[in-house]
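Engineer: Residue numbers (this note's numbering), protein chains in the order written: chain B, 4 to 326; chain A, 478 to 1019.
Starting off with a structure, shown below.
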């Protein structure tokens, strides 16, 4: 087997193993949450027997390890379970499947994350490369200063600043609905996308710049200069191909943030993303939904980091072309 | 491709003329001179040798011949005229038009100077194609021809490989092809063979010399090795501390150097210890097999006897198992099989099983004195540590002993409070020797201890080691690839090749014919101070 394929499969295996351990942690930490769904729904006045019966119906009376096995076995078959919410003390059951709840929210989050990434990643690469190219110039310093400033503000503060500045141009509420057209949706999410771009560009841009400048001291860069290559060519052809691994790592890290870490921005702009869903499900003790969200977040992190690893591997000629 | 004389001009015309060149370097928050006012004239078709020790400014001057000053340096004054063009008056963009087309550069470490991300042939023709000298297809077929004339294996396909896929010697030749690809008027060779083994160096030197002759290219050959430059250059310029010492035609320089400094450049080669045989074995390595990670076996049935109070030198190329042998003796790498006997008693294989006294008796000195010392500790702390650890000396007693040891290595008490960063390379290595001596060892393993040092400093260290041996009856195991050092210091020699001992015996026996094949190859590859040595060697071998 080609060593690269072998390494990639190995990483994939390790990723799945990590996900397995994470699922145990998610399950146990949610089990440790104080409060009880039965009590929550039925209210303080409910008889203990009623609560007990309700718990039995939901399977909450079984021992934790058995509940974990039931849950994970179902997840492996693609069934995320049924939400606890929608059940009322009256006995009526309007509960929905977890996937039914999660899917539209997840697609909203991915839409916002994808749109932001589409702006932020090329922008940071461009800024990072040009800053490395003109290092220590006024341009380099101002790019550094501006990006550092934007990353230093808390994201909600940045969001409110943008609302104050741009409220006349873009909508301040990003309450998208499935029936909106693509263009409308883009218009609605302009402000949250901009906020998140400002938050993540600094990190990616600075890492790109640092990775490139780090390589500029290499003898092969001096060699390229002494072969008469222009500064742009030295950076793009000779430094960049050797800098992908660290750059990919930091991009993966920030893309993961776009999916799992933006609940504050969602709240500010009333955006129906998965972050809000998770916060709501935790406060209403809706265990299946909280678990599903946490598992999706974990999988996102692992998958993106796996992709960064793979990029690091396939851009390393020593691994790609063994002796 | 125009290789005709119309572009090159006639042989004998002045190609580059540097007058009163002053180059500054910026370090420690101030500018100081690296090259102070050197003149240099090179004509078409000539090869000039630029020689000097580290810090002589030879590499800086060589790059200045391209109008290039490395980061942190600047060409302060003087004039550099290349074929009628004033290089110092050119803009960066104008200079880039000359670099890689009319002036080419060959760097010291080929492994580091090729971009790991691109195929070799792409890098070979890059400058030629970018400067519009040749089309990509033609440049590539020319590169394959160049590979062939540089004696590279499989010239048609080697270019498709990546830098990590070929050996150091091959890379250095491919870099020469890269420099030659645009058919430059001038090539700067900057220590191109310093990182290579002697046996590989010979092949590379022959290939470079022949191709420079074939295309009648002018060249500046920078090195610290007089014997190497004698094979390559028509005339030699000696530099020291940024000043010119002397310049002369090669044969004249070798037969009658004018300046004392020039004579001292081969002083180590004059040092020679009288060998004295002994049967009193201090350390015996018996049938040792060793491997890293139990997979790649690097030592095969190695047996070496080291007599008390004598020096045994282990010689061989990189990868021959010299340093691994040292690691086995010190217990850092327990062998798979075989034993180490010390004064007739077996030593525990692993470091952690040895007691303090066993550890004390075998000490080690490393090649890079820089990295072998804690930069934040003073000399007194560095030497004092083994005194505390092995002899339980503290306070005043310890300081007295440190002073004694400093005296022994010919440094005075004022060094006690200095940090390693404030010392020269030779002084650092002396401190490392004192640290080894502080344990009162019986055996000292010296791993390439003089390789990173200049000739004159080397001589001082070797003399010190010899004196200490005489006074303290210390046994040395001396690991080196430098045959001149071996001649200077050894009683006995062990020749290693691919993890096996090829030969062991008294110096006189090993260095006299008849030789086994490998010893013959190794010894004959050591450059000699004879301008005809390479030519003669190539004739003999073919």
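For every residue, glycine included, the Cβ atom is placed at its ideal position computed from N, Cα and C.
The structure displayed is predicted, hence computed values, not measured ones.
If I follow the unbroken alpha helix (DSSP H) through residue 709 (chain A), where does it start and stop?
Structural biologist: Start and end: 703–709.
Engineer: Can you pull the DSSP bridge partners for residue 1010 (chain A)?
Structural biologist: Its beta-bridge partners do not exist; DSSP assigns none.
Engineer: Between residue 226 (chain B) and chain A, is any beta-carbon pair separated by less than 8 Å?
Structural biologist: Judged by the 8 Å Cβ criterion, residue 226 (chain B) is in contact with chain A.
Engineer: Under 8 Å between beta-carbons, which chain A residues line up against residue 221 (chain B)? List them in chain order, please.
Structural biologist: Result: 589.
Engineer: Is the distance from the Cβ of residue 817 (chain A) to the Cβ of residue 824 (chain A) below 8 Å?
Structural biologist: In this structure, residue 824 (chain A) lies closer than 8 Å to residue 817 (chain A) by Cβ.
Engineer: Tell me whether residue 778 (chain A) sits in a helix, a strand or coil according to DSSP, three-state version.
Structural biologist: Correct three-state label for residue 778 (chain A): strand.
Engineer: For residue 545 (chain A), go through chain B and note every residue whose CB falls closer than 7 Å to its CB, in chain order.
Structural biologist: The answer, in chain order, is 229.
Engineer: Per DSSP, what are the beta-bridge partners of residue 508 (chain A) in this structure?
Structural biologist: Note: residue 508 (chain A) sits in a beta bridge opposite A:503.
Engineer: Could you tell me whether any Cβ in chain A is nearer than 8 Å to the Cβ of residue 5 (chain B)?
Structural biologist: It does not; no Cβ of chain A falls within 8 Å.
Engineer: For residue 23 (chain B), decide whether its Cβ has a neighbour in chain A, counting only Cβ atoms nearer than 8 Å.
Structural biologist: It does not: the Cβ of residue 23 (chain B) has no partner Cβ on chain A nearer than 8 Å.
Engineer: Output needed for residue 922 (chain A): all residues of its chain with C-beta closer than 6 Å, excluding positions within five of it in sequence on either side, in chain order.
Structural biologist: Hits under 6 Å: 803, 841, 954.
Engineer: Assuming residue 566 (chain A) and residue 495 (chain A) are in contact, meaning their beta carbons sit under 8 Å apart, how far apart are those beta carbons, in whole angstroms?
Structural biologist: With a Cβ gap of about 14 Å, residue 566 (chain A) and residue 495 (chain A) do not count as contacting.
Engineer: Determine whether the Cβ of residue 321 (chain B) lies closer than 8 Å to any Cβ atom of chain A.
Structural biologist: Judged by the 8 Å Cβ criterion, residue 321 (chain B) is in contact with chain A.
Engineer: With 8 Å set as the bound, which would you pick, yes or no: does the beta-carbon of residue 764 (chain A) sit closer than that to a beta-carbon of chain B?
Structural biologist: For residue 764 (chain A), the answer is no, since every Cβ of chain B falls outside 8 Å of its Cβ.
Engineer: Relative to the C-alpha of residue 151 (chain B), which candidate in B:209, B:125, B:244, B:176 has its C-alpha closest?
Structural biologist: When only C-alpha atoms are compared, the closest one is B:209.
Engineer: With C-beta atoms as the reference, is residue 536 (chain A) less than 8 Å away from residue 687 (chain A)?
Structural biologist: In this structure, residue 687 (chain A) does not lie closer than 8 Å to residue 536 (chain A) by Cβ.
Engineer: When you compare each of A:658, A:827, A:851, A:734 to residue 598 (chain A) by their alpha carbons, which one comes out closest?
Structural biologist: Residue 598 (chain A) has its Cα closest to that of A:658, out of A:658, A:827, A:851, A:734.
Engineer: Using only the alpha-carbon positions, how far apart do residue 621 (chain A) and residue 941 (chain A) sit?
Structural biologist: Roughly 51 Å between the two C-alpha positions.
Engineer: Could you give the uninterrupted runs of the alpha helix (DSSP H) lying entirely in the segment 879–951 of chain A, keeping only those of 4 residues or more?
Structural biologist: List check, alpha helix (DSSP H) in window: 902–915, 932–949.
Engineer: Closer than 8 Å by beta-carbon distance: list the chain A residues that pair up with residue 233 (chain B), in chain order.
Structural biologist: Within 8 Å Cβ-Cβ: 570, 573.
Engineer: Quick one: using the 10 Å Cβ neighbour count with 16 as the cut-off for buried, is residue 273 (chain B) buried or exposed?
Structural biologist: Per the 10 Å Cβ criterion, exposed.
Engineer: Going by C-alpha to C-alpha distance, which of B:69, B:52, B:162 sits closest to residue 173 (chain B)?
Structural biologist: Nearest of B:69, B:52, B:162 to residue 173 (chain B), Cα basis: B:162.
Engineer: Name the DSSP bridge partner or partners of residue 721 (chain A)?
Structural biologist: The partner list for residue 721 (chain A) (beta bridge, DSSP) reads A:716.
Engineer: When you compare each of A:896, A:577, A:549 to residue 504 (chain A) by their alpha carbons, which one comes out closest?
Structural biologist: Minimum Cα distance to residue 504 (chain A) is reached at A:549.
Engineer: Can you have a look at residue 297 (chain B) and say buried or exposed, based on whether 16 or more other CB atoms are within 10 angstroms of its CB?
Structural biologist: That one is buried.
Engineer: Measure the beta-carbon distance from residue 710 (chain A) to residue 856 (chain A) and round it to whole angstroms, keeping in mind my assumption that it falls under 8 Å.
Structural biologist: Not really, about 41 Å apart at Cβ, beyond 8 Å.
Engineer: Do we get a CB-CB distance below 8 Å when we pair residue 593 (chain A) with the residues of chain B?
Structural biologist: It does; some Cβ of chain B falls within 8 Å.
Engineer: Could you check if residue 74 (chain B) is buried or exposed, using at least 16 other CB atoms within 10 Å of its CB as the buried criterion?
Structural biologist: Result: buried.
Engineer: Give the range of the alpha helix (DSSP H) segment to which residue 1000 (chain A) is assigned.
Structural biologist: 994–1001 is the extent of the alpha helix (DSSP H) around residue 1000 (chain A).
Engineer: For the segment 240–262 of chain B, which residues have a CB atom closer than 7 Å to at least one CB atom of chain A, in sequence order?
Structural biologist: Under the 7 Å Cβ criterion, the segment 240–262 of chain B contributes 241, 244, 245.
Engineer: State the DSSP-derived secondary structure class of residue 71 (chain B), mapped to helix, strand or coil.
Structural biologist: Looking at residue 71 (chain B) - three-state DSSP - the assignment turns out to be helix.
Engineer: Mind listing the chain B neighbours of residue 577 (chain A)? Cutoff is C-beta to C-beta under 8 Å, in chain order.
Structural biologist: Those within 8 Å of residue 577 (chain A) in chain B are 229, 230, 231, 232.
Engineer: Using beta-carbon positions only, say whether residue 920 (chain A) and residue 776 (chain A) come within less than 8 Å of one another.
Structural biologist: Cβ distance not < 8 Å, so residue 920 (chain A) and residue 776 (chain A) don't count as in contact.
Engineer: Beta carbons nearer than 8 Å to chain B: which residues of the segment 599–612 of chain A have them?
Structural biologist: Of all residues in the segment 599–612 of chain A, 603, 604, 607, 608 have a Cβ within less than 8 Å of some Cβ in chain B.
Engineer: Under 8 Å Cβ-Cβ, which residues of chain B neighbour residue 582 (chain A)?
Structural biologist: Here the neighbours are 226, 229, 230.
Engineer: Three-state secondary structure (DSSP) at residue 784 (chain A)?
Structural biologist: Strand.
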